[in-house]
Amino acid sequence: MKNQQPIGFIDSGVGGLTVVKEVMKQLPNENIIYLGDTARCPYGPRSTEEVITFTWQMVDFLLKKDIKMLVIACNTATAAALESIKEKLLIPVVGVILPGTRAAVKATKNGRIGVIGTKGTVASGSYKRAIQEKVPEIKVISLACPKFVSIVESNQYHTSVAKKIVSESLFSLRRQHLDTLILGCTHYPLLRPIIQNVMGETVTLIDSGAETIGEVSMLLDYFSIANKKNPQARRAFYTTGSTLLFNEIANDWLAPENVDSKQVILGGEK
Ligand code: I24
Ligand code: DGL
Numbered sequence: 000m001k002n003q004q005p006i007g008f009i010d011s012g013v014g015g016l017t018v019v020k021e022v023m024k025q026l027p028n029e030n031i032i033y034l035g036d037t038a039r040c041p042y043g044p045r046s047t048e049e050v051i052t053f054t055w056q057m058v059d060f061l062l063k064k065d066i067k068m069l070v071i072a073c074n075t076a077t078a079a080a081l082e083s084i085k086e087k088l089l090i091p092v093v094g095v096i097l098p099g100t101r102a103a104v105k106a107t108k109n110g111r112i113g114v115i116g117t118k119g120t121v122a123s124g125s126y127k128r129a130i131q132e133k134v135p136e137i138k139v140i141s142l143a144c145p146k147f148v149s150i151v152e153s154n155q156y157h158t159s160v161a162k163k164i165v166s167e168s169l170f171s172l173r174r175q176h177l178d179t180l181i182l183g184c185t186h187y188p189l190l191r192p193i194i195q196n197v198m199g200e201t202v203t204l205i206d207s208g209a210e211t212i213g214e215v216s217m218l219l220d221y222f223s224i225a226n227k228k229n230p231q232a233r234r235a236f237y238t239t240g241s242t243l244l245f246n247e248i249a250n251d252w253l254a255p256e257n258v259d260s261k262q263v264i265l266g267g268e269k
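Position one of the sequence shown corresponds to residue 0 (the working numbering), numbered consecutively onward.
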């Protein structure tokens, strides 16, 4: 019953719910299992080794749930751990970086693409490498925007404080003549209107999470494992932190979905 098996999603916390929202929109028949490591979020400032260890702990948990495909919904975890995970698993594994690069390469006309993400994602050089492996001539300008995650998580993403911080952070990017900018972090779609306003209407913004689900959809068809009509799709949520706080954000964000998360201990939380 491969088609009915769930697709697994892992993220450093609740940010990956922006990717889940896209699944519910683009693939409403799919059963899914989401695991967010809220107890150890954020991953952005952590070392690559630490992110690899934590990500593998999440993968090991989901592998016991008989998933048919794994989506690493976190950019920082994808940058650090996708390759080693892909190498070892027998199911298809999808990260959030390659789909965004494909969309950006398609969108750019002047060959100048910007990438914003966490410290870890930008330091890894994953986006730049992936784009230039395809088209070496494309100029990629990357910028870490560590403050953006905190703006969203302090619920200030629609305020004048957000406008000020986004405008200050993106100042150096604005004179780079970009025509395409990749939102390389789960949280950035919430700041999309402000980022668009700061960068100007001529810049095409690419939502890495939304692009990823487009590719998941394509892969499900390629492997003939897409689920059939399923009006009562099962969506299970796990968190390493408080289920109450997780439910609060998830129910708000995914309404009218009724999220009742369970707590899991992955070992070694600190
Ligand atoms: N958004 C995120 N993380 C938070 C938050 C938020 N608090 C308010 N909002 N907190 O990520 C992170 C720390 N918590 C997580 C839960 O366990 C305990 C620790 C972005 C989520 C994107 C889907 C703002 C907010 C909200 C509801 C919906 C969306 C949103 F309150 F951005
Ligand atoms: N989920 C992370 C990402 O997409 C952002 C939050 C974090 O730093 O853990 O990079």
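Here a beta-carbon is modelled for each residue, glycine too, at the ideal position from N, C-alpha and C. If you're wondering where the values come from, they're calculated on a predicted model, not measured in any experiment.
Problem set entry | Cβ-Cβ separation, T185 to T77 (assumed contact under 8 angstroms), whole Å | The pair is not a contact, with the Cβ atoms about 10 angstroms apart (cut-off 8 angstroms).
Problem set entry | Run of the beta strand (DSSP E) containing S141, from where it starts to where it stops | 138 to 143
For this session: Using three-state DSSP, classify Y237 as helix, strand or coil.
Result: DSSP places Y237 in strand when its eight states are reduced to three.
Exercise. Expressed to the nearest angstrom, what Euclidean distance is found between the alpha-carbon atoms of G7 and D178?
Worked result: 34 angstroms
Problem set entry | Close-in-space but distant-in-sequence residues of the same chain around P98 (CB under 6 angstroms, 5 per side omitted) | E210, T211, E214
Exercise. Just how far apart, CA to CA, sit A235 and V114?
Worked result: 32 angstroms
Problem set entry | Alpha carbon of L182 to alpha carbon of P145, nearest angstrom | Those two C-alpha atoms are separated by around 13 angstroms.
For this session: Look at the alpha carbon of L253 and the alpha carbon of A225, and state the distance between them as a whole number of angstroms.
Result: 22 angstroms
Problem set entry | Which of helix, strand or coil DSSP assigns to I66 | coil
For this session: Would you please state the rounded distance, in angstroms, between the beta carbons of M57 and L34? I believe it to be under 8 angstroms.
Result: 5 angstroms
For this session: May I ask whether a heavy atom of the ligand I24 can be found less than 8 angstroms away from the beta carbon of Y237?
Result: Incorrect: Y237 has no Cβ contact closer than 8 angstroms to the ligand I24.
Problem set entry | Closest Cα partner of N154 within the set Q3, D251, K227 | D251
Exercise. Does the region 157 to 175 come within contact of the region 192 to 199, defined as at least 3 CB pairs closer than 8 angstroms?
Worked result: yes
Exercise. P230 to N28, Cα distance in whole Å?
Worked result: 7 angstroms
Exercise. Mind checking N74: buried by the 16 CB within 10 Å criterion, or exposed?
Worked result: buried
Exercise. Is it true that the CB of G94 sits closer than 9 angstroms to the CB of I71?
Worked result: yes
For this session: Starting from the N-terminal side, write out each stretch of the beta strand (DSSP E) that is 3 residues or longer and does not extend beyond the region 20 to 89.
Result: 31 to 35, 68 to 71
Problem set entry | Close Cβ partners of V22 (< 7 angstroms) along its chain, the five nearest in sequence each way excluded | E29, I31, I212
Problem set entry | Complete alpha helix (DSSP H) runs within the region 184 to 243 (minimum length 4 residues, chain order) | 191 to 198, 207 to 221
Exercise. Under the rule that 16 or more other beta-carbon atoms within 10 Å means buried, what is K64, buried or exposed?
Worked result: exposed
Exercise. Would a C-beta distance cut-off of 9 angstroms place L190 and F245 closer than the cut-off?
Worked result: Between L190 and F245, the CB-CB gap reaches or exceeds 9 angstroms.
Problem set entry | T211 Cβ short of 8 angstroms to the ligand DGL heavy atom set | no
Problem set entry | DSSP state of G116 mapped onto helix, strand, coil | strand
Exercise. From which residue to which residue does the beta strand (DSSP E) around G7 run?
Worked result: 6 to 10
For this session: Could you check how far apart the C-beta atoms of V50 and G110 are, in whole angstroms? I think they sit under 8 angstroms.
Result: Going by Cβ atoms, the distance from V50 to G110 rounds to 31 angstroms, so no, they are not a contact pair.
Exercise. In terms of residues, what are the limits of the alpha helix (DSSP H) holding V104?
Worked result: 97 to 106
For this session: Taking only the alpha-carbon atoms, compute the straight-line gap between R173 and L142 and give it to the nearest angstrom.
Result: 12 angstroms
Problem set entry | Of the residues L89, S83, L180, the one placed nearest G116, counting alpha carbons only | Comparing Cα positions, the closest option is L180.
Exercise. Near E152, which residues of its chain fall below 8 angstroms by C-beta distance, leaving aside the five closest residues on each side in sequence?
Worked result: Same-chain partners within the cutoff: H186.
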